[in-house]
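*Asks:* Below is one structure. I have some questions about it.
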Amino acid sequence: MNRRDFIRGAGGATAAVAAGSAASAPATAQEEARPDFSGWLDSVDGGYKDHRGEDEVRVSVGASGNGGNFAFSPAGIWIDEGTTVIWEWTGEAGAHNVKTYGEAPLDNVHELDSGSSAAGSDITYQHTFDGGGLTGYFCKPHEGLSMFGAVAVGEDIAVIEPSPNTGWPEDIAHSGVELHPHWHGMIAGLGIVASFVFTFYVVKYGASAHTGTGRDS
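The sequence shown begins at 0 in numbering that gives the first Met the number 0 and counts up by one.
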């Protein structure tokens, strides 16, 4: 084997290892359509969850988020008409309440009002959503901390559609069979070591003596 073959082999080995590492990365999950809350929940902690198909849904009041325990969790929910939502106080961060926010950029077709703010872990408020639409609500004492929530009801609402699936991942590294992250580093490291070994051998000894082109000893 001559020097060119060794170098070609070293490069091929490194490329193969890198390709194997990239192919083992996890695949990107397919996104689903979700309600368009018109920016009402932008930068608001608490998350979103699709609860369609459930007769009863629970939302924590005073969950972790927004710089303390000032979040509804989930902050945004999607439910069917006729579903009952029960807000449950966690007892954290003082007194809370649940009220429709009339200035939210939504339909606000449902009137939510748990009354005066109250503290404790044994407090609940519930509302059955008999009609469709999008309603934004808030905790009045913690409005300045973005303690906001929203409820999407039914199918006749504005939604944000996911980007079309072209069959190609947005990041080509996010495809293939998932491996634990530390294996990626080990595979890449082995490729680098193999490349150095090949290169060292060629530089030190030249091509194989059996080819008739090796260096004199």
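Yeah, the Cβ is synthetic: ideal placement off N, Cα and C, and Gly gets one too. As the structure is a prediction and not an experimental result, all values here were calculated from the model.
Asparagine 68 lies in the beta strand (DSSP E); which residues open and close that run?
*Replies:* Element bounds for asparagine 68: 67 to 72.
*Asks:* With which residues is glycine 148 paired in a DSSP beta bridge?
*Replies:* Tyr136
*Asks:* Go ahead and label glycine 130 buried or exposed: buried means 16 or more other beta carbons lie within 10 angstroms of its beta carbon, across all protein chains shown.
*Replies:* exposed
*Asks:* Where DSSP assigns a beta bridge to glutamate 55, which residues make up the other side?
*Replies:* Thr83
*Asks:* Contact defined as beta carbons within less than 8 Å: I believe serine 42 pairs with serine 116. What is the distance between those atoms, to the nearest angstrom?
*Replies:* Contact flag wrong, Cβ pair sits at about 23 Å.
*Asks:* Distance check for glycine 52 and asparagine 65, CA to CA, integer angstroms please.
*Replies:* 29 Å
*Asks:* Could you tell me which of Ile122, Trp88, Phe137, Phe69 sits nearest to lysine 98, measuring between CA atoms?
*Replies:* Phe137
*Asks:* Can you give me the C-alpha to C-alpha distance between lysine 139 and asparagine 96, rounded to a whole angstrom?
*Replies:* 7 Å
*Asks:* Report the option in Lys48, Gly61, Tyr47, Asp106 whose CA atom is closest to the CA atom of isoleucine 225.
*Replies:* There is no way to answer for residue 225, as the model of the chain reaches only from 0 to 216.
*Asks:* How long is the line joining the alpha carbons of valine 196 and proline 34, rounded to whole angstroms?
*Replies:* 56 Å
*Asks:* Tell me, which residues are paired with alanine 117 by DSSP?
*Replies:* His95
*Asks:* Would isoleucine 78 be called buried (16 or more neighbouring beta carbons within 10 Å of its own) or exposed?
*Replies:* Isoleucine 78 is buried by the Cβ-count criterion.
*Asks:* Tell me where the beta strand (DSSP E) around phenylalanine 128 begins and ends.
*Replies:* Membership of phenylalanine 128 in the beta strand (DSSP E) is indicated by the continuous run 123 to 128.
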